[in-house]
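Residue numbers (our numbering): 27 to 439.
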């Protein structure tokens with residue numbers, strides 16, 4: 027078995043950590059003991075070939091894009107965005123774009139634009155940090171409440187926090203109040219995750235990355251690194267927590283999950299960055315362990331082996347694996363009529379390959395998402411940070427970097 031650690035481990039050198047994880051996993055695998063689903067059950071490691079007979083689909087993108095250029099048009103909605111991080115379409119159709127430094131871009135339905143600075147206490151903007159996500163609260167229509175996630179702190183101690191605030195087109199977000207913050211600080215400016223998702227009934231999920239240098243803590247129940255965390259609008263843990271000793275932990279064993287969506291049938295899907303290879307889409311189920319770093323189909327950036335194990339019974343296989351990596355940065359469910367070929371697909375953006383992919387969901391309930399993701403279009407060739415679907419069924423792509431922009435993809439009738 028793989029023992030689920032109860033207390034955080036101090037930071038150690040990455041190469042030493044890799045050796046320790048591999049050695050520990052191989053020794054512990056010789057033991058035999060009954061454990062719950064959130065712990066892994068011992069099993070002889072399988073080859074990558076046999077693993078792929080499980081409900082895992084290798085990325086097999088055709089060279090031909092799903093949408094032909096004659097089927098869509100593109101136009102730039104807004105540009106000049108400095109390191110944008112997320113895009114959200116409000117129920118009214120207003121588009122919000124968050125930027126790393128706390129700036130909020132607001133685009134109304136007539137395409138009028140404004141930019142305001144939002145006062146986020148202790149905002150930490152180094153590396154991959156900053157203002158990372160925004161979503162409307164469940165009662166937004168009556169309260170104008172937004173939920174925001176951002177990194178807070180200093181180079182030596184920073185962490186992920188969630189706050190609420192009231193939105194107005196004139197002032198941006200005001201009356202900011204704390205809602206939730208993770209319990210684990212780090213001294214790295216990367217792998218935050220930070221994606222928010224509403225479950226309805228004022229319950230929410232937040233992805234939390236492993237902090238890069240702290241990857242072993244993804245298997246530490248008491249640590250909030252490498253987890254999906256659940257909380258209410260008032261900052262309380264969700265009812266029926268799968269780990270009573272750490273009630274905010276919803277799932278564990280994640281690396282850097284940046285896409286989080288819920289389908290029309292209520293299935294929660296997550297995509298996350300692997301190391302060099304091993305990017306994944308997972309079905310999120312309360313209490314499950316997704317294996318990182320004990321199980322991975324990728325290797326370290328140095329080429330070193332992270333773990334000898336591709337699979338452990340009791341740890342959840344990904345529904346879809348991308349090896350080589352695409353660096354999946356976000357995800358949105360497409361269920362509109364604008365692009366009929368995209369009906370019931372997950373739209374996935376990528377940083378490394380600078381592409382957009384469509385992942386069919388028709389086989390989701392059968393345990394396998396897809397026989398291969400499809401290249402959506404090849405006209406866009408830039409790092410893509412986020413994606414959203416507007417009220418008309420248009421696809422909004424948020425590009426990455428110092429000169430970010432929002433590109434609208436519209437169907438041509």
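Beta carbons: idealized from backbone N, C-alpha and C, even for Gly.
Query	Result
Integer Cβ distance of residue 353 from residue 367, believed to fall under 8 angstroms	No, residue 353 and residue 367 are not in contact; Cβ-Cβ is about 25 angstroms, not under 8 angstroms.
Collapsed DSSP secondary structure at residue 100 in the structure displayed	strand
DSSP-derived helix/strand/coil call for residue 167	helix
Cβ-based burial, residue 430 [other Cβ within 10 Å; buried from 16]	buried
Rounded C-alpha distance that separates residue 386 from residue 316	22 angstroms
Supposed close pair residue 130, residue 199 - CB separation, criterion 8 angstroms	7 angstroms
Inter-residue CB distance, residue 227 and residue 181 (contact presumed, cutoff 8 angstroms)	Between residue 181 and residue 227 the Cβ distance is about 38 angstroms, and since that is not below 8 angstroms, they are no contact.
Cβ neighbours of residue 301 in the same chain (closer than 7 angstroms, five flanking residues each side left out)	322, 324, 325, 326, 327, 332
Spatial distance of residue 346 from residue 296 (CA atoms)	10 angstroms
Beta-bridge pairing of residue 207 - partner residues as DSSP gives them	187
Contact under 8 angstroms by Cβ, residue 452 with residue 222	Residue 452 lies beyond the stretch modelled for the chain, which goes from 27 to 439, so this question has no answer here.
4-residue-minimum alpha helix (DSSP H) runs that sit fully inside the region 125-184, ordered along the chain	166-169
Inter-residue CB distance, residue 285 and residue 245 (contact presumed, cutoff 8 angstroms)	Wrong, their Cβ atoms sit about 22 angstroms apart, outside the cutoff.
Close Cβ partners of residue 150 (< 6 angstroms) along its chain, the five nearest in sequence each way excluded	177, 178, 179, 184
For residue 280, the residue or residues it bridges with in DSSP	DSSP output for residue 280 lists no bridge partner at all.
Collapsed DSSP secondary structure at residue 298 in the structure displayed	strand
Cβ shell of residue 363 (< 7 angstroms), same chain only, five flanking positions each side left out	419
Buried versus exposed call for residue 343 [16 or more other C-beta atoms within 10 Å across all chains shown]	buried
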